[in-house]
Amino acid sequence: MRSVVHFLSARNLSAADIHWQICEVYGATALCEGKVRKWVGDFNIGHDNIHDDSLSSRPSVITDYMELKILENRCFTISTLSNDFPEVSRSVLYKIVSEKLNFKKLCSRWVPKLLTQDHKNKRFECSLNFLTHYNEEGDAMLSQIVTGDETWVSHVMPESKQQSMEWRHTYSPVRVKAKQTLSQCKIMASVFWDRHDVLLVDFMQRGTTINAVAYGQTMRKLRRAIQNKRHGMLTEGILLLHDNARPHTAAQIRALFDSWLGNFAAPTLRQAIFIFSTISNIISVATTTTITKT
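The opening position of the sequence shown corresponds to residue 1 in UniProt numbering, with each subsequent residue numbered one higher.
The structure is reproduced here in structure tokens:
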């Protein structure tokens with residue numbers, strides 16, 4: 001609109017004529033006559049810029065100071081930040097923080113544990129060894145990997161929200177469900193699997209703990225399970241993935257692996273436990289009828 005006023009003013013039209021022509025084309029509420037007279041006066045004294053002038057430096061000073069306050073305490077809220085800037089409204093504060101300073105409020109990402117530099121170096125070494133084996137052996141190496149870990153299995157696992165999902169019409173009444181807690185009676189299960197299926201689920205006796213002796217017995221059961229379910233796998237060699245808990249890395253366990261003529265190689269690389277969310281429900285149903293509470 002300002003460019004239109006500038007064009008008509010250059011043709012030596014009066015402010016009243018310019019306002020009349022604008023109202024004739026754009027409507028009576030397009031622009032008031034006072035604004036037209038102000039712009040015509042600016043153009044007549046040489047202010048030919050039809051764009052808005054840049055703002056003063058005051059907002060940038062506030063922005064710089066606001067960024068310093070944010071860096072001092074990143075867990076701030078708009079309410080607490082407004083205490084330091086009472087002259088700025090909360091809506092303007094939020095706009096400056098989110099749009100001008102480009103801050104986003106994010107949660108921390110949960111990780112299984114915080115690793116030290118030694119842990120990171122060890123994982124890098126194991127990962128590099130796996131990549132080297134894969135480049136040398138190809139996809140055949142993937143068939144040698146056996147992963148194992150332990151998990152607590154409750155005798156009765158509550159039904160998850162995903163398991164309770166039902167097909168319903170949009171106008172059907174909403175189903176309510178009480179929040180359930182895990183059963184106090186639980187048992188430790190050691191689970192081992194490969195790329196095809198679960199190889200072994202070994203339950204600990206109640207009142208016992210996993211130590212080198214117990215883990216050695218589990219390894220013997222795993223070896224028999226591989227012999228029965230994966231013929232020829234022991235001959236090719238096994239890459240056992242388990243964590244570096246003390247029973248897993250005990251000298252007795254390493255000696256047991258050596259006695260099997262190197263058929264088991266056990267790099268201590270932390271494995272994924274995605275399988276437990278599904279298998280725990282299956283195990284709990286299968287064991288509820290066989291395990292009695294003492």
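Virtual Cβ for every residue (Gly too), placed ideally from N, Cα, C.
Since the model is a prediction, treat every value here as computed from it, not as a measurement.
Residue span of the alpha helix (DSSP H) that contains residue 17, given as start and end: 15 to 26
For residue 141, three-class secondary structure by DSSP: helix
DSSP beta-bridge partners of residue 200: 192
Outcome for residue 111 when other beta-carbon atoms lying within 10 angstroms are tallied against a minimum of 16: exposed
Limits of the unbroken alpha helix (DSSP H) element including residue 81: 78 to 84
Which listed residue (48, 47, 14, 189) has its alpha carbon closest to that of residue 33: 14
Reduced DSSP secondary structure (H/G/I, E/B, other) of residue 57: Caution applies to residue 57, whose pLDDT of 47 falls short of 50 and renders its modelled position unreliable; the value that the coordinates give is listed next. Note: residue 57 maps to coil in three-state DSSP.
Chain D within 8 Å of residue 96, Cβ atoms only: The structure shown contains no chain D; it is built from a single protein chain.
The stretch 185 to 196 / the stretch 144 to 158 touching (three or more Cβ pairs under 8 Å): yes
Buried versus exposed, by CB contacts within 10 Å (16 or more), residue 189: Around the beta-carbon of residue 189, 16 or more other beta-carbon atoms lie within 10 Å, marking it buried.
Limits of the unbroken alpha helix (DSSP H) element including residue 222: 212 to 229
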